[in-house]
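**Student:** The listed protein sequences correspond, in order, to chains A and B.
Each residue of the first sequence is one higher than the one before, starting from 1 at the first, in the working numbering.
Each residue of the second sequence is one higher than the one before, starting from 117 at the first, in the working numbering.
All C-beta atoms in this analysis are idealised placements derived from N, C-alpha and C, irrespective of residue type, glycine included.
There are 2 protein chains.
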Amino acid sequence: MTGDKLSQTFAALADPTRRAILARLASGAASVTELAQPFDMSLPAISKHLKVLENAGLIVRSRAAQWRPCRLEAQPLKGAADWLEDYRMFWEQSLDRLEDYLEELQGKGKRRARKH
Amino acid sequence: MTGDKLSQTFAALADPTRRAILARLASGAASVTELAQPFDMSLPAISKHLKVLENAGLIVRSRAAQWRPCRLEAQPLKGAADWLEDYRMFWEQSLDRLEDYLEELQGKGKRRARKH
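(1) What in chain A is Cβ-close to L218(B), meaning under 9 Å?
(2) What does DSSP give as the partner residue(s) for R71(A) in the beta ladder?
(3) Return yes when the Cβ of D15(A) is within less than 8 Å of the Cβ of S123(B), no when it is not.
(4) With distances taken between CB atoms, is the gap from F206(B) to L13(A) smaller than 8 Å?
(5) Indicate the three-state DSSP secondary structure (helix, strand or coil) for R134(B) in the structure shown.
(6) Does the CB of S42(A) have a neighbour CB from chain B at under 8 Å?
(7) Mind listing which residues of the stretch 50-82 of chain A have their C-beta closer than 7 Å to chain B's C-betas, in chain order?
(8) Would you tell me roughly how many angstroms separate the C-alpha atoms of S178(B) and K51(A), rounded to the nearest one?
(9) In the DSSP assignment, find the unbroken alpha helix (DSSP H) run with A161(B) in it and report its ends.
(10) Could you work out which residues of chain D lie near S210(B), taking near to mean beta carbons separated by less than 7 Å?
(11) What's the gap between the Cα of K78(A) and the Cα of K108(A)?
(12) Have a look at L188(B), D212(B), P185(B) and flag the residue whose alpha-carbon is nearest the alpha-carbon of A74(A).
(13) Should V60(A) be counted as a contact of the ligand SAM given a C-beta to heavy atom distance under 7 Å?
(14) Considering only their Cβ atoms, is the gap separating L151(B) from I162(B) smaller than 8 Å?
(15) For the stretch 21-35 of chain A, which residues have a CB atom closer than 9 Å to at least one CB atom of chain B, in sequence order?
(16) Quick check: the Cα distance between Y203(B) and R24(A), rounded to an integer number of angstroms?
(17) Quick one: list the residues of chain A neighbouring A127(B), beta-carbon separation under 8 Å, in chain order.
(18) Do you know offhand how far A29(A)'s Cα is from P69(A)'s?
(19) If L22(A) sits next to L84(A), beta carbons under 8 Å apart, how far is it from one beta carbon to the other, in whole angstroms?
(20) Among the candidates I175(B), L218(B), T133(B), L214(B), whose CA atom is the shortest distance from the CA of F155(B)?
(21) Please report the distance separating the alpha-carbon of G173(B) from that of I59(A).
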């Protein structure tokens with residue numbers, strides 16, 4: 001039951017190294033060696049992360065050039081964003097409630113200040 | 117390196133049962149038994165999913181009522197949506213490219229039709 005596309009996307013994003021790899025690829029294609037550089041990780045460890053991203057359809061590895069550049073494939077991210085969008089009213093509501101509460105606190109503070 | 121908040125949110129969302137539980141809670145608080153009903157799953161299996169959602173801060177279980185209702189806590193979803201937002205231009209670009217390609221194909225189709 002976890003093989004569905006959306007689960008695969010979210011699972012791929014559930015790791016800071018994989019998110020950092022995507023962030024790097026947002027500024028252009030890169031080789032595995034280039035992608036490995038900022039991390040204190042072995043090439044096989046990075047390759048494992050790339051495999052997860054590739055299986056989730058979030059990156060594509062070109063077979064054209066010998067350095068086999070990886071590039072970002074953002075479409076699955078749209079699916080994730082669309083799913084989250086349905087919940088926007090809930091987090092906006094809870095921010096509103098927090099704002100109301102802070103205003104109420106400020107109001108109380110002002111009333112207290114006036115008393116002195 | 118996977119204990120960070122955002123990774124925990126994405127990992128919690130990487131399962132269709134857990135996403136269905138959140139969708140159910142979007143229409144109001146529910147007990148564990150109510151949440152288990154639509155799934156062909158044992159109560160312990162559902163409880164395990166609820167624990168993952170609770171640890172990710174996506175649900176809160178009230179201790180006030182005896183039936184201990186669960187309710188949705190949407191704030192972590194905002195973090196996930198904010199992260200994805202940075203990539204919006206990439207998936208919109210790729211949709212644009214697809215549109216251009218389809219228009220080009222249609223154009224070719226028209227030219228071909230005119231020849232006959």
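**Tutor:** Looking at the atomic coordinates:
(1) Start at 1 with the first residue of the second sequence, and residue 218(B) comes out as number 102. Think of a sphere of 9 Å around the beta carbon of L218(B): no beta carbon from chain A falls inside it, the nearest being about 15 Å out.
(2) Numbered from its first residue, the first sequence carries residue 71(A) at position 71. Listed as beta-bridge partners of R71(A) by DSSP are V60(A).
(3) Residue numbering aside, residue 123(B) sits at position 7 when the second sequence is read from its first letter. Residue numbering aside, residue 15(A) sits at position 15 when the first sequence is read from its first letter. Going by C-beta atoms, S123(B) is nearer than 8 Å to D15(A).
(4) Looking up residue 206(B) in the second sequence gives position 90. Looking up residue 13(A) in the first sequence gives position 13. No, the pair does not count as a contact, with Cβ atoms beyond the cut-off.
(5) Start at 1 with the first residue of the second sequence, and residue 134(B) comes out as number 18. Here R134(B) sits in helix by DSSP.
(6) Taking the first residue of the first sequence as 1, we reach residue 42(A) at position 42. Output row for S42(A): interface = no.
(7) Answer in chain order: L72, A74, Q75, L77, K78, A80, A81.
(8) Along the second sequence, read from residue 1 onward, the residue named residue 178(B) stands at position 62. Along the first sequence, read from residue 1 onward, the residue named residue 51(A) stands at position 51. Computed Cα separation, rounded: 41 Å.
(9) On the second sequence, residue 161(B) is found 45 positions in, with the first residue counted as 1. For A161(B), the enclosing alpha helix (DSSP H) covers residues 159-171.
(10) This model lacks chain D altogether; the protein chains it does include are A and B.
(11) Taking the first residue of the first sequence as 1, we reach residue 78(A) at position 78. Taking the first residue of the first sequence as 1, we reach residue 108(A) at position 108. Straight-line Cα distance between these residues: approximately 44 Å.
(12) Here the question's residue 74(A) lines up with position 74 in the first sequence. Nearest to A74(A) by alpha-carbon distance, out of L188(B), D212(B), P185(B), is D212(B).
(13) You won't find the ligand SAM in this model; it holds no ligand whatsoever.
(14) Start at 1 with the first residue of the second sequence, and residue 162(B) comes out as number 46. Start at 1 with the first residue of the second sequence, and residue 151(B) comes out as number 35. Against a cut-off of 8 Å, the Cβ pair of L151(B) and I162(B) comes out as a contact.
(15) Within the stretch 21-35 of chain A, the qualifying residues are L22, A23, A26.
(16) One-based indexing of the second sequence puts residue 203(B) at position 87. One-based indexing of the first sequence puts residue 24(A) at position 24. A direct Cα-to-Cα measurement between Y203(B) and R24(A) gives close to 12 Å.
(17) Numbered from its first residue, the second sequence carries residue 127(B) at position 11. Within 8 Å Cβ-Cβ: F10, A11, A14.
(18) What you label residue 29(A) is simply residue 29 of the first sequence in a count that begins at 1. What you label residue 69(A) is simply residue 69 of the first sequence in a count that begins at 1. The C-alpha of P69(A) is placed about 6 Å away from the C-alpha of A29(A).
(19) In the first sequence, residue 22(A) corresponds to position 22, counting from 1. In the first sequence, residue 84(A) corresponds to position 84, counting from 1. Wrong, their Cβ atoms sit about 16 Å apart, outside the cutoff.
(20) Here residue 155(B) refers to the residue found at position 39 of the second sequence. Answer by Cα proximity: T133(B).
(21) Here residue 173(B) refers to the residue found at position 57 when the second sequence is read from its first residue. Here residue 59(A) refers to the residue found at position 59 when the first sequence is read from its first residue. Distance between the alpha carbons of G173(B) and I59(A) is about 29 Å.
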